[in-house]
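In what follows, a single structure is set out as C-alpha cells and then discussed.
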Amino acid sequence: MRYVPTTDLVFNSRDSPETTWEEEAQAVLQDVQQHVKEISISTELVSSKRQIFLNLTTLEEQQYTVELSAAGFRIVGRSHNTQSESGIIYETPYALLSAISPGYSGNFAESLICRLNELNKE
Numbered sequence: 001m002r003y004v005p006t007t008d009l010v011f012n013s014r015d016s017p018e019t020t021w022e023e024e025a026q027a028v029l030q031d032v033q034q035h036v037k038e039i040s041i042s043t044e045l046v047s048s049k050r051q052i053f054l055n056l057t058t059l060e061e062q063q064y065t066v067e068l069s070a071a072g073f074r075i076v077g078r079s080h081n082t083q084s085e086s087g088i089i090y091e092t093p094y095a096l097l098s099a100i101s102p103g104y105s106g107n108f109a110e111s112l113i114c115r116l117n118e119l120n121k122e
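Numbering (the UniProt record's numbering), first residue to last: 1 to 122.
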C-alpha cells in the first residue's frame, strides 16, 4: 500500500471529516513503518480537524515529532511528543525521510529490489 496524500480533507454538512486525520496518519504509518525504527500517532499531543502529530524514530535513532496537516509533513520537535520548532513543510513522508534519514534511501531501495525479485519469480 502506498500513501496517497490528500490536499484537503473533505467535510460534510455537519462539519465532520469524511476522512479523519487519524485515518490519514494510519495510512502513512503502514506505508513507511518498514523504513523507520518506530512511528506512531502521538498520544500526548492533541490532534484537531487541522492536524495530527506523529512520533518518529529514524533508522539512525533520531527522534522527532512530525505534524501532518493539509500542508504536508513538518518537523515540530526534536524528540517525541514535543512542539518546539516550526520547520520546512514536506509534501510527502518520503521527502521528509529523505531529508532527515540517510538510511532511508538505502532501506527503501533494498525493499524495492526485494519486491521486484518477488514479482520476477511469479
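Each residue gets a CB set at the ideal place from its N, CA and C atoms; glycine is no exception.
Put residue i into one of helix, strand or coil per three-state DSSP.
i      : result
Val28  : helix
Ser101 : coil
Leu116 : helix
Since residue i sits in a beta bridge, which residues does DSSP pair it with?
i     : result
Arg74 : Glu67, Ile89
Leu54 : Ile41, Val66
Starting from the Cα of residue i, find the closest Cα among the options and give me that residue.
i     : options                     : result
Asp31 : Phe108, Trp21, Phe53        : Phe108
Asn81 : Lys121, Ala95, Leu54        : Leu54
Glu85 : Ala27, Lys37, Trp21, Glu67  : Glu67
Lys37 : Gly106, Ser48, Ala99, Gln63 : Gln63
Cutting at 8 Å between CB atoms, please list the residues of its own chain near residue i, excluding the five before and the five after it.
i      : result
Gly103 : Thr58, Leu59, Glu60
So, is residue i buried or exposed, given that buried needs 16 or more other C-beta atoms within 10 angstroms?
i     : result
Thr65 : buried
Ala71 : exposed
Ile75 : buried
Which same chain residues end up closer than 6 Å to residue i when comparing Cβ atoms and leaving out the 5 residues on each side of it in sequence?
i     : result
Leu97 : Tyr104
Starting from the C-beta of residue i, find all residues in its chain whose C-beta is less than 7 Å away, skip the five residues before and the five after it, and write them out in chain order.
i     : result
Ser69 : Arg50, Gln51
Any chance the CB of residue i is under 7 Å from a heavy atom of the ligand MG?
i     : result
Gly72 : The model on display carries no ligand, and the ligand MG is accordingly not part of it.
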